[in-house]
Amino acid sequence: MRARSEPFHDGYWYCYANSTAMLLGTIGESVSPRLIEALSGVGLGAFQTPNGLPFFSGFAGLPDQGISAALDMLGFTCVETSSERPEPDPLEALSALLERSAAILGPLDMQHLTYNPLRPPFPGVDHFVLALGMQGDRVRLHDPAGFAHALIGGADLEAAWRADTIVYKRGHYRHWSQPRRVREVSQSDLRERALAFFRQLYRQAQALAVQHEAKIDGALIRDWAQIMARNGFDPRQIGHLTRFALPLGAKRAMDYAAFFDPFLAELGGLKRAQAQEFGACHSQVVAGDWRAASDTMLRLAEIEDRIGEALR
Numbered sequence: 066m067r068a069r070s071e072p073f074h075d076g077y078w079y080c081y082a083n084s085t086a087m088l089l090g091t092i093g094e095s096v097s098p099r100l101i102e103a104l105s106g107v108g109l110g111a112f113q114t115p116n117g118l119p120f121f122s123g124f125a126g127l128p129d130q131g132i133s134a135a136l137d138m139l140g141f142t143c144v145e146t147s148s149e150r151p152e153p154d155p156l157e158a159l160s161a162l163l164e165r166s167a168a169i170l171g172p173l174d175m176q177h178l179t180y181n182p183l184r185p186p187f188p189g190v191d192h193f194v195l196a197l198g199m200q201g202d203r204v205r206l207h208d209p210a211g212f213a214h215a216l217i218g219g220a221d222l223e224a225a226w227r228a229d230t231i232v233y234k235r236g237h238y239r240h241w242s243q244p245r246r247v248r249e250v251s252q253s254d255l256r257e258r259a260l261a262f263f264r265q266l267y268r269q270a271q272a273l274a275v276q277h278e279a280k281i282d283g284a285l286i287r288d289w290a291q292i293m294a295r296n297g298f299d300p301r302q303i304g305h306l307t308r309f310a311l312p313l314g315a316k317r318a319m320d321y322a323a324f325f326d327p328f329l330a331e332l333g334g335l336k337r338a339q340a341q342e343f344g345a346c347h348s349q350v351v352a353g354d355w356r357a358a359s360d361t362m363l364r365l366a367e368i369e370d371r372i373g374e375a376l377r
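Numbering-wise (the numbering used here), the sequence shown opens with residue 66 and increments by one.
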């Protein structure tokens with residue numbers, strides 16, 4: 066039996082995109098994680114969690130749905146499975162599956178990934194990995210957080226994969242395996258499908274915002290600008306902004322710009338401008354320059370409005 070390729074892409078912030086690129090790599094398909102990240106639609110818009118954490122991503126843009134959407138747009142079919150209940154233990158079935166195919170596992174609760182010495186000590190941080198096979202009674206996997214060929218015991222993986230504290234999970238033990246190309250996709254077809262998906266996400270986000278009486282996107286970013294003007298974010302929110310939301314926003318915006326540039330130059334330009342403002346806001350927040358950060362956040366709100374209008 067021919068050995069399966071096991072490419073490794075790392076970068077914690079792009080865990081689901083990297084895991085998807087690695088899964089496709091096991092069947093000899095080379096797709097950039099940066100393209101997958103853009104196609105997932107997760108980095109469009111802005112919302113705030115019930116516990117007050119700001120995210121520069123869509124109210125309707127969920128990573129697990131983004132994986133499935135990106136695979137479909139790229140012309141692949143995949144076996145996607147989850148369990149409505151947290152039992153029975155999924156490890157026996159996973160062991161049999163990994164003899165046939167690698168599998169994306171997620172969302173996982175990162176606190177249970179015991180091979181990672183920097184894992185968060187608290188629950189609720191989501192993550193995705195690629196399971197490759199078994200090594201004795203442990204699962205061997207590629208973790209995009211920087212751990213290739215990591216080993217994890219069954220009990221720890223089961224606790225992580227059950228995802229009890231991941232608020233957006235749709236069932237337990239979700240995984241994608243056995244990818245197969247079912248059609249060739251032209252650039253024009255990919256772009257048309259992606260734009261339709263992005264518009265759908267904005268429509269869904271607006272409907273959810275009405276349902277939950279929540280502010281999102283540009284209107285919410287303006288509220289954040291007012292909070293910054295009076296240095297009103299607490300240390301937890303500031304840590305989230307500086308260690309995650311703002312630098313990730315800049316990275317995602319650059320990837321969207323690269324996607325839009327060849328066929329929608331206006332959107333590409335807006336995304337490049339957004340990336341620069343994200344980077345500036347990050348530097349200003351780290352420096353404690355709240356007036357400058359507030360002004361930058363207002364520019365981000367205006368850019369987000371223009372992006373949403375252009376896509377809608």
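Each residue gets a CB set at the ideal place from its N, CA and C atoms; glycine is no exception. Keep in mind the model is a prediction, meaning the values are calculated, not measured.
DSSP three-state assignment for residue i, whether helix, strand or coil
| i | result |
| --- | --- |
| Gly90 | helix |
| Asp299 | coil |
| Thr361 | helix |
| Thr146 | strand |
| Ser285 | Rather than Ser, the amino acid found at residue 285 in this sequence is Leu. Helix. |
| Met66 | Below a pLDDT of 50, predicted positions are generally treated as unreliable, and Met66, at 42, falls in that range; no measurement from the model is reported. |
| His177 | helix |
| Ile292 | helix |
| Gly218 | strand |
| Gly76 | coil |
| Arg308 | helix |
| Ile231 | coil |
| Gly171 | strand |
| Leu206 | strand |
| Ala111 | coil |
| Ala125 | coil |
| Gly373 | helix |
Segment limits, alpha helix (DSSP H) that includes residue i
| i | result |
| --- | --- |
| Pro128 | Pro128 to Met138 |
| Arg256 | Gln252 to His277 |
| Arg317 | Leu311 to Phe325 |
| Leu162 | Leu156 to Leu162 |
Spatially closest choice to residue i from the options, by CA coordinates
| i | options | result |
| --- | --- | --- |
| Leu156 | Thr114, Ser84, Gly108 and Ala196 | Ala196 |
| Gln265 | Tyr81, Glu278 and Ser105 | Ser105 |
| Leu149 | Arg69, Tyr180, Gly236 and Met199 | Looking at the sequence provided, one finds Glu at residue 149 rather than Leu. Glu149 has its Cα closest to that of Gly236, out of Arg69, Tyr180, Gly236 and Met199. |
| Pro327 | Gln252, Gln291 and Ile286 | Gln252 |
| His277 | Thr114, Pro312 and Glu94 | Thr114 |
| Asp221 | Gly76, Arg203 and Cys143 | Arg203 |
| Gly93 | Pro119, Arg69 and Phe187 | Arg69 |
| Trp241 | Trp289, Lys316, Val232 and Ser147 | Ser147 |
Terminal residues of the beta strand (DSSP E) in which residue i lies
| i | result |
| --- | --- |
| Val194 | Asp191 to Gln200 |
| Phe343 | Per DSSP, Phe343 belongs to no beta strand (DSSP E); it is in the alpha helix (DSSP H), Ala330 to Ala352. |
| Tyr238 | His237 to Arg246 |
| Ile101 | Counting along the chain, Ile101 falls outside any beta strand (DSSP E), though it belongs to the alpha helix (DSSP H) covering Pro98 to Ser105. |
Beta-carbon separation (whole angstroms), residue i vs residue j, contact threshold 8 Å
| i | j | result |
| --- | --- | --- |
| Leu173 | Ala228 | 6 Å |
| Gln349 | Ile368 | No, Gln349 and Ile368 are not in contact; Cβ-Cβ is about 16 Å, not under 8 Å. |
| Glu331 | Ala375 | 6 Å |
| Leu89 | Pro244 | 6 Å |
| Leu335 | Arg371 | 6 Å |
Cβ-heavy atom distance, residue i to the ligand ZN, below 7 Å
| i | result |
| --- | --- |
| Ala134 | Looking at this structure, you won't find the ligand ZN or any other ligand, since it has none at all. |
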